[in-house]
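In what follows, a structure is listed as structure tokens, so that the remarks can point back to it.
2 protein chains.
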Amino acid sequence: MSEVEQFDVIVLGAGPAGEVCAGRLGEAGLSVALVEQELIGGECSFYACMPSKGLLRPAQALAEARRVPGAAQAATGELDVAAALARRDEIIHDLDDSAQLPWVEDHGIALVRGHGSLHGERRLRVGERLLAARRAIVLAPGSAAAMPPIDGLREARPWTNREATTAKSIPASLLVLGGGVVAVELAQAYASLGARVTIVEALDRLISREEPPASELVTQSLRHGGVEVLLGVEATAVEREPGADGDGEVTLTLADGRSLSAEQLLVAVGRRARTDSLGLDSLGVEGGGYVEVDDTMRVPGHDWLYVIGDTNGRALLTHMGKYQARLAADHILGRAVSLRSDGPLSPRVIFTEPQVAAVGHTLASARSAGLSVRAVDQSIDAVAGASFVGHGAPGMARIVIDEDRDVLVGATFAGVEVADWLHAATIAVIGEVPLERLAHAVPCFPTRSEVWLRLLESALD
Amino acid sequence: MSEVEQFDVIVLGAGPAGEVCAGRLGEAGLSVALVEQELIGGECSFYACMPSKGLLRPAQALAEARRVPGAAQAATGELDVAAALARRDEIIHDLDDSAQLPWVEDHGIALVRGHGSLHGERRLRVGERLLAARRAIVLAPGSAAAMPPIDGLREARPWTNREATTAKSIPASLLVLGGGVVAVELAQAYASLGARVTIVEALDRLISREEPPASELVTQSLRHGGVEVLLGVEATAVEREPGADGDGEVTLTLADGRSLSAEQLLVAVGRRARTDSLGLDSLGVEGGGYVEVDDTMRVPGHDWLYVIGDTNGRALLTHMGKYQARLAADHILGRAVSLRSDGPLSPRVIFTEPQVAAVGHTLASARSAGLSVRAVDQSIDAVAGASFVGHGAPGMARIVIDEDRDVLVGATFAGVEVADWLHAATIAVIGEVPLERLAHAVPCFPTRSEVWLRLLESALD
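Heads up: the protein sequence lines correspond to chains C and D, in order. Position 221 of the first sequence, counting from 1, maps to 221 under the numbering used here, and the rest follow consecutively. Position in the second sequence counted from 1, then plus 461, gives you the numbering used here.
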């Protein structure tokens with residue numbers, strides 16, 4: 001065993017959260033080690049957000065051109081699957097993280113490749129090396145696809161988000177187990193790229209944490225795009241036929257006795273924290289699951305140990321991991337911090353067509369939280385701006401108003417290209433801008449943002 | 462002369478401002494007359510915002526599809542000009558306003574067709590009819606293209622926005638006099654539809670009220686699209702050749718001696734209020750120009766006379782006219798009102814490619830106003846979301862920060878499809894959300910709204 005290498009801070013996991021944290025600490029002049037056993041850039045950059053958006057975008061850009069007379073006549077060709085996959089490869093840099101290295105170097109960060117595990121207080125072992133942190137260790141190992149306990153599932157070698165976002169060809173048919181964000185995004189992407197897709201979801205609606213009308217629009221759109229959507233159905237067993245090359249068809253048996261077969265099966269029923277071999281048990285912290293942290297991102301009882309990103313289970317979203325990373329870094333740097341965005345109320349976007357963009361409460365979650373709220377709904381397609389963008393496609397907007405404080409506590413938009421609308425709602429919610437004042441923020445004509453006008457007129461009437 | 466017809470309120474002009482005002486008053490139970498000599502829906506719906514966006518959109522939707530590998534290969538055809546013009550006709554309902562009539566009727570509004578002019582206090586004459594208002598008269602006659610005093614211009618029968626937005630065919634060549642919003646939008650639209658376009662602007666940059674980097678991007682894009690842009694050049698004379706059908710080529714003589722010829726000439730050098738035959742002089746109010754109003758939209762000294770929309774010259778934007786309309790209606794209804802968005806600080810969008818969306822101050826206007834400000838700039842194309850939307854196209858974002866109050870007083874975005882981004886900035890500016898709080902409004906990954914993250918990190922560093 002070589003001598004102990006000293007750093008101010010050790011960050012384990014070089015996904016977006018780890019990178020942001022390490023970068024911020026490095027910029028502040030601290031000596032930082034960044035430990036990564038896979039790719040610098042993490043799940044998000046190579047196996048999740050980025051490639052999935054890359055796979056979804058071609059069909060969406062084409063659909064929009066086809067909604068616009070004049071452009072439509074120029075866009076009558078077929079979506080080029082090979083070109084779409086090649087662009088996806090470009091987006092994920094062919095799974096090569098060397099483009100990230102200059103950034104690491106520029107920030108004065110010591111990159112340590114390998115699997116890290118805690119080795120007593122403020123110490124991390126990476127293979128033969130032993131690292132020690134003067135100030136803090138920040139864990140950001142991320143999450144992986146959860147594998148539900150279904151007979152034969154593991155043996156059938158199903159796809160997770162990793163295989164689905166990096167596949168070199170499109171299977172003729174794909175079963176998708178699950179109905180959350182990963183499931184609906186990848187189901188739609190694969191359908192648009194030519195696969196015959198079936199979603200099997202145990203709950204009675206897709207993206208069940210979001211407003212029901214948003215679920216409804218996404219479900220309609222999936223079905224319209226040829227995806228078979230089975231709701232309220234559980235899978236009980238999986239079997240893969242051997243096949244010629246060792247990978248034959250996968251058959252899913254459902255609780256109602258039906259069975260479905262396809263070339264591939266994607267499991268997208270949630271995530272699990274990658275904490276099983278981090279040595280957390282040695283500290284008396286339970287490993288294997290999400291690690292509970294306080295509002296400074298520290299593990300209670302271990303004031304030197306921070307857990308950020310998916311691994312703390314608070315909000316499994318890249319941007320929230322980065323937000324937590326800034327907060328943890330600031331706390332390590334001795335700055336005052338406050339956590340103002342957290343948990344299921346965090347802003348979130350589902351990049352299907354229609355996109356679903358939401359922040360804060362849904363009507364149901366607000367009521368469950370005991371708030372005195374009312375919802376105001378408007379359709380997006382009724383505003384003048386919808387003559388130009390998303391023309392003819394349905395869309396919905398809902399705001400949830402806290403009647404005691406007269407501020408927004410939630411907003412949901414579903415429609416063509418509404419992802420970037422969300423930030424207006426996020427600022428309104430986080431800024432706690434009074435409704436009456438919000439009514440003076442005039443949306444421009446003829447943008448689709450005029451839906452705000454209708455929402456606020458209904459709200460203030 | 463028939464007997465006097467009594468109403469609570471008479472609204473003159475059924476453009477967006479007049480409609481909103483009449484509608485709000487009608488909904489509140491007042492008896493309202495709405496007087497219009499042309500089309501219900503006004504300049505905006507038939508000759509300005511709506512058709513110009515209709516003409517711009519096909520090229521933009523197609524350009525975006527062509528930026529996305531996979532979609533690009535399906536969008537190799539030519540923009541269909543006839544289909545684009547047919548869609549434009551659909552948007553302007555073939556200049557038939559009958560689709561608006563049910564709305565008027567539903568709101569219990571008495572529609573009076575014809576030219577109205579003031580006839581003493583609270584009275585308006587429309588042809589043979591004499592209308593009297595118990596509470597108020599609201600003038601919303603709008604604006605028309607200004608015609609600069611250039612030799613031969615009027616005689617050459619140039620196009621204004623009206624002809625350019627409703628043309629049944631695309632001229633081979635088009636000269637555009639002016640470099641403001643109307644000029645750049647229509648220049649780009651016509652270039653995209655096949656015309657050889659030349660812009661002649663007396664100032665040294667286009668859209669000169671906006672941030673210089675935004676002007677620069679629009680100018681580059683116009684030039685890239687084949688538009689010749691001449692800056693700092695004045696036109697001194699215009700002549701139209703008789704031609705076979707009475708409409709030959711138009712020749713523009715420039716101050717530097719050059720001359721330019723084209724099939725059509727579009728004059729887009731500003732607007733004038735349509736107040737010349739409203740009988741304002743009879744009240745001692747100067748007609749022929751913009752009518753000054755106070756912050757309740759009333760003409761000083763005439764507490765029954767409101768002027769809203771373009772005609773008061775405060776902010777020549779449809780959405781601001783509608784905002785003023787709501788305010789005037791509320792004031793007439795005896796409600797408390799406050800004007801929180803006004804003048805050149807109003808939110809505004811230019812629908813060129815790149816779109817330019819701005820609210821509040823530019824850096825220059827803030828300095829001129831004596832504010833202690835600094836600007837923070839970021840490019841849009843550097844954020845992860847730009848891998849998917851507007852990929853490869855340049856874009857800029859600038860926020861202007863009031864250093865005394867630590868709030869945003871201005872923001873400008875220029876880029877592909879940024880129109881709907883603006884509302885976030887508008888809420889931040891109007892809501893006076895402190896910068897530090899704004900930093901907790903987390904933009905979603907990977908949306909292009911993450912430019913906010915970079916802007917605020919730079920601002921707060």
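Glycine included, C-beta positions come from ideal geometry on N, C-alpha and C.
- The segment 604 to 673 of chain D is shown to contain whole alpha helix (DSSP H) runs of 4 or more residues at 622 to 627 and 642 to 653, in chain order.
- In this structure, Val-861 of chain D places its C-beta atom within 7 Å of the C-beta atom of Ala-827 of chain D.
- Against chain D, the CB of Gly-70 of chain C has a partner CB under 7 Å away; the residue lies at that interface.
- Here Val-32 of chain C has Phe-7, Asp-8, Val-9, Ile-10, Val-11, Ala-22, Leu-25, Gly-26, His-107, Gly-108, Ile-109 and Ala-110 as same chain residues with Cβ atoms under 8 Å from its own Cβ, once five neighbours each way along the sequence are excluded.
- Here the segment 438 to 458 of chain C lies against the segment 367 to 384 of chain C, with 3 or more beta-carbon pairs under 8 Å apart.
- Ala-885 of chain D and Leu-562 of chain D have their C-alpha atoms some 35 Å from each other.
- The shortest C-alpha to C-alpha distance from Gly-288 of chain C to any of C:Leu-278, C:Ala-214 and C:Arg-314 is the one to C:Leu-278.
- Counting of Cβ neighbours within 10 angstroms places Asp-557 of chain D among the exposed residues, the total staying below 16.
- Contact residues of the segment 338 to 363 of chain C toward chain D are Ser-338, Arg-340, Ser-341, Ser-346, Pro-347, Arg-348, Val-349 and Ala-357 (C-beta to C-beta distance below 8 Å).
- Residue ranges of uninterrupted alpha helix (DSSP H) with 4 or more members are absent from the segment 220 to 293 of chain C; none lies entirely inside it.
- Taking C-alpha positions only, Ala-875 of chain D is separated from Phe-351 of chain C by approximately 23 Å.
- In the DSSP assignment, Thr-426 of chain C falls within the alpha helix (DSSP H) that extends over 422 to 430.
- In the DSSP assignment, Arg-129 of chain C falls within the beta strand (DSSP E) that extends over 129 to 139.
- At a cut-off of 7 Å, the C-beta of His-107 of chain C has no neighbouring C-beta in chain D.
- Taking 7 Å as the threshold, the shortest C-beta distance from Cys-21 of chain C to chain D does not fall below it.
- Using a CB distance cut-off of 7 Å, Gly-655 of chain D does not count as an interface residue toward chain C.
- Legend: CB atoms of the segment 434 to 448 of chain C lying less than 7 Å from CB atoms of chain D belong to residues Arg-437, Leu-438, His-440, Ala-441, Val-442, Pro-443, Cys-444, Phe-445, Pro-446, Thr-447 and Arg-448.
- For His-780 of chain D, the neighbours in chain C by C-beta distance under 9 Å run, in chain order, Val-442, Pro-443, Cys-444, Phe-445, Pro-446, Thr-447, Glu-450 and Leu-453.
- The beta carbon of Ala-545 of chain D sits closer than 6 Å to the beta carbons of Pro-519 from its chain, once the five residues preceding and following it are set aside; these are given in chain order.
- It is roughly 7 Å from the alpha-carbon of Ala-273 of chain C to the alpha-carbon of Gly-313 of chain C.
- Taking 7 Å as the CB threshold, Phe-388 of chain C lines the interface with chain D.
- The beta carbon of Phe-46 of chain C lies closer than 7 Å to those of Leu-39, Ile-92 and Leu-95 in the same chain, with the five residues before and after it left out.
- Under the Cβ criterion of 7 Å, Asp-80 of chain C is counted among the residues facing chain D.
- In the displayed model, Glu-64 of chain C falls within a helix according to three-state DSSP.
- Under the 7 Å criterion on CB atoms, Gln-73 of chain C is classed as interfacial with respect to chain D.
- Within the same chain, and ignoring the five residues on either side of Arg-623 of chain D in sequence, the residues whose Cβ sits closer than 6 Å to its Cβ are Tyr-508.
- Checking the DSSP bridge columns, you'll see Ala-532 of chain D has no partner listed.
- With contact defined as three or more Cβ pairs closer than 8 Å, the segment 891 to 905 of chain D and the segment 431 to 449 of chain C are in contact.
- Here DSSP, grouped into helix, strand and coil, assigns His-852 of chain D to coil.
- With its beta carbon at least 7 Å from every one in chain C, Leu-727 of chain D lies outside the interface.
- The beta-carbon separation of Arg-67 of chain C and Ala-393 of chain C, rounded to 7 Å, stays under the 8 Å limit for a contact.
- Think of a sphere of 7 Å around the beta carbon of Thr-627 of chain D: no beta carbon from chain C falls inside it, the nearest being about 16 Å out.
- DSSP, reduced to helix, strand and coil, places Gln-839 of chain D within a strand of the structure shown.
- For Phe-413 of chain C, there is no enclosing alpha helix (DSSP H); the residue is part of the beta strand (DSSP E) that begins and ends at 407 to 415.
- In this model, Trp-452 of chain C and Met-320 of chain C are separated by some 26 Å (Cα to Cα).
- Cα atoms of Arg-125 of chain C and Ile-137 of chain C: separation of roughly 12 Å, rounded to the nearest angstrom.
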